[in-house]
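So the structure is just underneath, and the comments pick up after that.
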Amino acid sequence: METMRKFERVCEIVDRNGRNPSRLIPILQAVQAEYRYLPEEILTFVATSLGIPPARVFGVATFYSLFTLKPKGKYLIRICNGTACHVKGSMGLYKTLSDKLNLGDGRETSDDMLFTLETVNCLGACGLAPAMVINEEVFGQVTSQRAAAIIDEIITREAQYESDSSRIE
Amino acid sequence: MTKEKKLSITIDNRKVAVKPNITILQAAREHNIYIPSLCTLEPLPSYGACRLCIVEVDGLRGFPTSCTTPVDDGMVVRTDTAEIRTLRQEVLKLLLSEHPASCLFCTEHDECKDYQGTIRKVGVTTGCRYCPNDSLCELQTITEKIGLTETSYPVYYRGFPVEKSDPFYDRDYNLCILCGRCVRVCNDIRMNGTLSFKERGKQTTIGAALDRTHLDAGCEFCGACVSVCPTGALSTKVSKWYGKPDGETKTTCVYCPVGCELLLQIKNNETIDVFPNYDSTIDQGLLCVKGRFAIPEYVASPERLATPQRMTPLGYEDISWDDAIDEAAEKLSGINPEDVLIVVSPQLTNEDLFVAERFARELIGTDQIMSVLITDMREETVSFLNLASASSPFNVIDTADTILTIGFDSTYGFTPIGIKIKKAAKAGVNLTTLSVHESNLDIVSGETFQMNVTKWPALLDSIMGKMPGNGKGTKLKPLNKVVVIGAEVIFSPKRGAVFEKIVEMKDRFGWKVIVAHPYTNLMGLLAMGAFPGIKRGEIVSDGTKSTGPAVEDPLSAMDLARHRKVVYLIGEVPFENLPECDFLIYQNALSVKSTRKPDLVLPSSLFTELSGTIISAEGRILPIRKATDPYGKSMPDWQIISKISEKIKSGALKYSSISAIQTDIKKQVKSLSDVKKRLEFRKISAKTSGKGRTGKRLSDPKSSRKPWEEKYRGIALKDVVSGMLVIEERRRHE
Ligand code: SF4
Ligand code: SF4
Ligand code: FES
């Protein structure tokens, strides 16, 4: 049932793009916006409905770093590691957050699926170095303490939300 | 047709006339001007990845790649200036910065080759074996041509694990130069789409969707990617360490009646590999897994019979040919024809079948020439033969406007037909697929029906009903409708009703029929008359309207329940359907495990070791050419039969060469004398003898219950060729 609903949404996305293979990238973007990643069966489904080989869809999906085939956390933290940010100690920042969230060793997403921690090569916000982006929100001149505080704030907010919604039920 | 106007361009100060709409690289090649290139390969679309083919063109900025730049009238091109040469060296160095280069830049490079193979008293390493492609590699050739003898960049080894889990070929993407030839051949020529580039930057490689194995990703194991790879990244498992072949023989594949052209690769008198011929007018180089990969292991199988053998109470003993022939002749001479059953394989050559037929009818005096198609097709034998002999040439697909496939899947066989259908469907031709299980053509078809065979006749009725001009008896205008029938219907016990519908589609509505059956030289077998009730040549049409022979139901005529004195098997293994007999002669290339042990074993040579011809499903006479010496003491089937005949009655069936047989065939079967002409066949009719069925009926032979599998001369390919086991399992699960 769950999967049926899944395919319905994709179907809609593919249809909205006129089932046009040259609109593969916008389709994948929309799919990723929906699921926060590109599930395997969805990739195959997209390929079949566009009449192109799954290998081609996979090729595109792995080429762009914005696409991900692994499920990501609700909060995607990107730490800039471009030259300016690197010099301003972005890797220290990364280390702090990765320790705090118990990540590292190739693990990028926390067990509760709340956070994913990544580095990016340049956010184009060198004036704000070191810069960090959480989902769409940009934070400039972040120190380790401030970063930790931002994360804590999110955790509290989420816990609050959780208990609220359980109370409503 | 108007002649295309030629353009005039100047390449390296030479004025040349060239066709329009070609690239500079093509123009240069036509005039024997060398431009190095790695990623371009005819007939693949140009890609412009390697950047080695750069040239200078007056009026064009920079250094355009000649493989992607079209020619233009008055163009002035330079291919070999000092600047280009340095640039090319630089490009090549960059290319090699990700490719292990020990084979290219080694101080012992030349000496190594010269001193290999010397006999010394101590063990020495005679040359490195670092890459399966050594001495075949295009990268080596190019490096030499470009004159690069060292590189200033460190080599970055990408450390990809070598992929060995798929059958038939291995993949070491550490050697890949990302020319994209494999991706293009898989997508554009094979219309398969297993391969794509994945990831990016220094992680870029080639692979299948979701990092699946090729088997899971729908690969056909056609090996096209392996043949086009210029490096050692893709290599055939069985032949990868053989090095450069020392010869090539063009022949015809005998695994199915398509009759693809094969380029056998020969080394030290062994068939080590098989390449496609992209110029072939029969298959356009679109071999399937069997032709491409299942031959070397079959012909060199450890089960090959090397000498004649006789059964003794203590087991088999090797005997000489003279003794073996004597023994066979002794058992057969003067025998009552009723007491003999001769079984021939439809995978023999015309010459073998001709001699076998004469042996049976003239020497023994029996009409009982059995073949597996009778026990496979049972009551439907005659209707099957009629469908098969009314088959149209495959190129009817190219001009079709409607195509229907019934129980047909071209993943692991009949790929030249399957790819034609895929091309047609992509070009907008209306394709309907009907099958029990999924078919690989479903993805390109407009309409897909998956259902049980029992429901097919009704569906075919409705398809016929939908046809335009379906009035009773109305004369129909010529239609371009093609129906292709495959294994799922041919081997279904319910085929009879479907065959009837197809005959109706053909006769009443003008559908053209293609039958994708596995009996390679079925048409040759019929033409030579190696079939009960059909005389030599009788079925080959000579252009007149005369009707073909009428035959009795072959299965009951064969009366397989009756005991025989001698059963003589020629290239066939039909043990589950054999009558009991006192003496069993088994003449074949591989030994066989069976409950009824043969009394006499005669080793046959295989098709890579002999010459002859077959008649393909399209009615073309195709050559089999000898590539290596016969295995052990084996002999071609015709020769063994002829030797036995000589012993029975001197001079009766004396043949000492294939050309003598061919001369006789031409004399006796007139229509076969013109090799160029496509043969047409007459319709066979079923004789309803007043006697009713004679003899005991053969009750449900096991062969019709067993799922069908790919065989050659009665032996399942999966039992001889390791990779075919995986393929066969995959086919069954689907
Ligand atoms: S073997 Fe054929 S189908 Fe398989 S990946 Fe290579 S080209 Fe494609
Ligand atoms: S595997 Fe071979 S054919 Fe394919 S891209 Fe690499 S080098 Fe080219
Ligand atoms: S041959 Fe032109 S870029 Fe490779």
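So the protein sequences, as listed, match chains A and B.
Counting along the first sequence from 1, when you hit position 38 you're at 38 in this note's numbering, and nothing is skipped either side.
Counting along the second sequence from 1, when you hit position 188 you're at 1188 in this note's numbering, and nothing is skipped either side.
For glycine and all other residues, C-beta sits at the position ideal for the given N, C-alpha and C.
For residue 1209 (chain B), the closest Cβ of chain A is nearer than 8 Å.
At least one heavy atom of ligand 1 falls within 7 Å of the beta-carbon of residue 1185 (chain B). When DSSP assignments are scanned along the segment 1021 to 1071 of chain B, the uninterrupted stretches of alpha helix (DSSP H) that are 4 or more residues long and fall wholly within it turn out to be 1024 to 1030.
Counting the other CB atoms within 10 Å of its CB gives residue 1244 (chain B) a total below 16, which places it among the exposed residues. Residue contact with chain B for residue 139 (chain A): absent (no Cβ-Cβ distance below 8 Å to any residue of chain B). Cα atoms of residue 1678 (chain B) and residue 1370 (chain B): separation of roughly 27 Å, rounded to the nearest angstrom. Taking non-hydrogen atoms of ligand 3 into account, the C-beta of residue 1051 (chain B) is found less than 7 Å away from one of them.
Residue 1266 (chain B) and residue 1723 (chain B) have their C-alpha atoms spaced approximately 21 Å apart. Contact between residue 1715 (chain B) and residue 1498 (chain B) does not hold, since the beta-carbon distance rounds to 29 Å and is not under 8 Å.
The beta-bridge partner set that DSSP reports for residue 1318 (chain B) consists of B:1309.
Assignment of residue 1199 (chain B) by DSSP, reduced to helix, strand and coil, places it in the coil class. With a threshold of 8 Å between beta carbons, residue 103 (chain A) makes no contact with chain B. In the structure shown, residue 1372 (chain B) adopts helical secondary structure according to DSSP, grouped into three states. CA-CA distance, residue 1438 (chain B) to residue 1050 (chain B), rounds to 39 Å. Using a 10 angstroms sphere on the CB of residue 1190 (chain B), the tally of other CB atoms reaches 16 or more, which defines it as buried. Only residues of its own chain outside the window of five on either side were considered, and among them 1012 have a CB closer than 8 Å to the CB of residue 1080 (chain B), listed in chain order.
For residue 1014 (chain B), the enclosing beta strand (DSSP E) covers residues 1014 to 1018. Residue contact check for residue 18 (chain A) against chain B: no CB pair falls below 8 Å. Residue 1211 (chain B) sits in a helix when the DSSP states are folded into three classes. In this structure, the beta-carbon distance from residue 1485 (chain B) to residue 1406 (chain B) falls below 8 Å. The criterion of a C-beta distance shorter than 8 Å is not satisfied by residue 1220 (chain B) and residue 1448 (chain B). In this structure, the alpha-carbon of residue 1543 (chain B) lies about 17 Å from that of residue 1526 (chain B). Closest in alpha carbon position to residue 1328 (chain B), among B:1360, B:1729, B:1663, B:1599, is B:1599.
At least one heavy atom of ligand 3 falls within 7 Å of the beta-carbon of residue 1067 (chain B).
Here residue 1254 (chain B) is buried, its C-beta having at least 16 other C-beta atoms within 10 Å. One finds 53, 55, 56 in chain A with Cβ atoms closer than 9 Å to the Cβ of residue 1187 (chain B), taken in chain order. Sequence-distant partners of residue 1337 (chain B) (beyond 5 residues in either direction) whose C-beta falls short of 7 Å from its own C-beta, in its chain, are 1364, 1365, 1366. DSSP places residue 1145 (chain B) in no beta strand (DSSP E) but in the uninterrupted alpha helix (DSSP H) bounded by 1138 to 1146. Around the beta carbon of residue 1349 (chain B), a 10 Å sphere encloses 16 or more other beta carbons of the protein chains shown; the residue is thus reported as buried. Closer than 8 Å at the C-beta level to chain B, one finds no residue of the segment 129 to 158 of chain A. When the five nearest sequence neighbours on each side are left out, the beta carbons in the same chain lying within less than 6 Å of the beta carbon of residue 1619 (chain B) are those of 1678, 1679, in order along the chain.
Secondary structure at residue 1389 (chain B): helix, using DSSP grouped into helix, strand and coil.
DSSP places residue 1261 (chain B) within a strand segment (E or B) once states are collapsed to three. In this structure, residue 1424 (chain B) sits away from residue 1388 (chain B), with a CB-CB distance that is not shorter than 8 Å. The Cβ neighbour count for residue 1376 (chain B), taken over all protein chains shown within 10 Å, is at least 16; the residue is labelled buried.
For residue 1411 (chain B), same chain residues with a beta-carbon under 7 Å away, outside a window of 5 residues either side, are 1220, 1440 in chain order.
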